[in-house]
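Quick notes on the structure that follows.
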Amino acid sequence: MISIKKVNQHYGGTQILWDLDLDIEPGSRTCIMGRNGVGKSTLLQCMMGLRPITSGEILMDGSPMHTKSAEARAPAGIGYVPQGREIFPLLTVEENLRLGLPIRAQRLGKDEAKEIPKKIFDLFPVLGEMMHRRGGDLSGGQQQQLAIGRALVIEPKVLILDEPNEGIQPNIVKQIGDVILKLNEEEGMTVILVEQKLGFARRIGQSFRLMERGKIVAQDSMDKLSDDLISKYLAV
Ligand code: ATP
Ligand code: MG
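Pasting the structure below:
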């Protein structure tokens, strides 16, 4: 579904991603792991077109995505939940969600894009209850649910989440995990999750990719994530 081939990326003179290869199967749940600063978020930003790549290819369903603008990638069916959530604090919950409607219209047609899909409020009831609150007044966990809800407005084929549980209380972490599993199992949504917390990674990921210094250095099914790999690439 997504195929990344020999991608290199630089911030100014510093190379961050090095000949990085990554293949994501349709309908799979893949967890990208690695210590702070290894380039996990940079990789996701390159996939979304938010950072230019220096060389290499990013393909979706066989067609080049790296040549498209960032604006053209979400309508192709990629939902992105950035690290740190990046909701708009002065806009209400409803306004934050409605921001996804123009892209939903591009994907599914104008008639499909008049209202925020009800499904989002079934998945995250708190968003319905807090429709008219400002995003900035929500708790961290509620803001994260809003960020995921906003990504789901476009009914993505692929959902990309960057450390969705940073600084969030356990009951909401559990709820977010339930939603990710439900979307994958019931709708076949492909899930790419960047996660540092082992428990959550093991629960959600069917397979892992370990990153170190801008490269994938190990990959396997999640049950093969050994203590050796953990101490080598994850433990501080
Ligand atoms: P974390 O787990 O802390 O989120 P990460 O694996 O997501 O880390 P990135 O945010 O992708 O790592 O950063 C990779 C490297 O790129 C780091 O060394 C970081 O300092 C550097 N970097 C990130 N953003 C910039 C920037 N705007 N300009 C220059 N260097 C940057
Ligand atoms: Mg990051």
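Heads up: the sequence shown at position 63 corresponds to 225 in the working numbering, and the numbers run straight through without jumps.
No residue lacks a Cβ here, since even glycine has one placed at the ideal position from N, Cα and C.
Rank the options by C-alpha distance to the C-alpha of residue i and give the top, closest one.
{"i": "P318", "options": "R235, E277, T176 and E219", "result": "R235"}
{"i": "V169", "options": "M163, N198 and Q207", "result": "Q207"}
{"i": "Q177", "options": "T204, M195 and G196", "result": "T204"}
{"i": "Q337", "options": "R266, D185 and R365", "result": "R365"}
{"i": "T254", "options": "I194, G201, H294 and V379", "result": "H294"}
{"i": "V398", "options": "G174, D181 and R197", "result": "R197"}
{"i": "N333", "options": "E349, E347 and Q307", "result": "Q307"}
{"i": "E291", "options": "S393, I215, R266 and E256", "result": "E256"}
{"i": "D223", "options": "A238, L212 and R213", "result": "A238"}
{"i": "A232", "options": "K202, I265, R247 and E347", "result": "I265"}
{"i": "D284", "options": "I194, V341, K377 and R247", "result": "V341"}
{"i": "G201", "options": "L391, K386, R375 and L212", "result": "R375"}
{"i": "V353", "options": "L179, G189 and Y173", "result": "G189"}
Would you mind giving the Cβ-Cβ distance between residue i and residue j, rounded to the nearest angstrom? I have them listed as a contact below 8 angstroms.
{"i": "Q381", "j": "L372", "result": "7 angstroms"}
{"i": "T192", "j": "G367", "result": "6 angstroms"}
{"i": "I186", "j": "M163", "result": "5 angstroms"}
{"i": "I166", "j": "D183", "result": "6 angstroms"}
{"i": "I249", "j": "Q305", "result": "5 angstroms"}
{"i": "I127", "j": "G241", "result": "With the chain covering 163 to 398 only, the question about residue 127 has no answer from this structure."}
{"i": "L321", "j": "A313", "result": "6 angstroms"}
Apart from the five residues just before and just after residue i, which ones in its own chain have a Cβ nearer than 6 angstroms to its Cβ?
{"i": "S383", "result": "S369"}
{"i": "S217", "result": "N170"}
{"i": "L345", "result": "M351"}
{"i": "L323", "result": "V243 and L355"}
{"i": "S388", "result": "none"}
{"i": "G303", "result": "I330, Q331 and I334"}
{"i": "P251", "result": "G297 and G298"}
{"i": "A267", "result": "A275"}
{"i": "E325", "result": "Q245 and V356"}
Within the continuous alpha helix (DSSP H) that includes residue i, where are the two ends?
{"i": "L289", "result": "P287 to E291"}
{"i": "S393", "result": "D389 to Y395"}
{"i": "S155", "result": "A query on residue 155 cannot be resolved here, the shown segment of the chain reaching from 163 to 398 and no further."}
{"i": "I278", "result": "Looking at the DSSP string, I278 is not in any alpha helix (DSSP H), and its letter there is neither H nor E."}
{"i": "R365", "result": "L360 to I366"}
{"i": "L270", "result": "L263 to L270"}
{"i": "R260", "result": "V255 to R260"}
{"i": "Q245", "result": "Looking at the DSSP string, Q245 is not in any alpha helix (DSSP H), and its letter there is neither H nor E."}
In the DSSP assignment, find the unbroken beta strand (DSSP E) run with residue i in it and report its ends.
{"i": "G311", "result": "First-last for G311: G302 to L314, but that is the alpha helix (DSSP H), not the beta strand (DSSP E)."}
{"i": "R176", "result": "In the sequence on display, residue 176 carries Thr and not Arg. Looking at the DSSP string, the run of the beta strand (DSSP E) that includes T176 is T176 to I186."}
{"i": "R191", "result": "R191 to M195"}
{"i": "L355", "result": "T352 to V356"}
{"i": "V341", "result": "Careful: V341 lies outside any beta strand (DSSP E), inside the alpha helix (DSSP H) at P332 to E349."}
With which residues is residue i paired in a DSSP beta bridge?
{"i": "N170", "result": "S217"}
{"i": "K377", "result": "E374"}
{"i": "I240", "result": "V320"}
{"i": "M222", "result": "I164 and S225"}
{"i": "R296", "result": "T254"}
{"i": "S369", "result": "T192 and S383"}
Leaving out the 5 sequence neighbours to the left and right, which residues in its chain are closer than 7 angstroms to residue i when beta-carbon positions are compared?
{"i": "F362", "result": "N327, V335 and G339"}
{"i": "R260", "result": "I278"}
{"i": "H228", "result": "I215, E219 and I220"}
{"i": "G311", "result": "L259, I282, F286 and L289"}
{"i": "L270", "result": "E317"}
{"i": "G262", "result": "R312, V315 and I316"}
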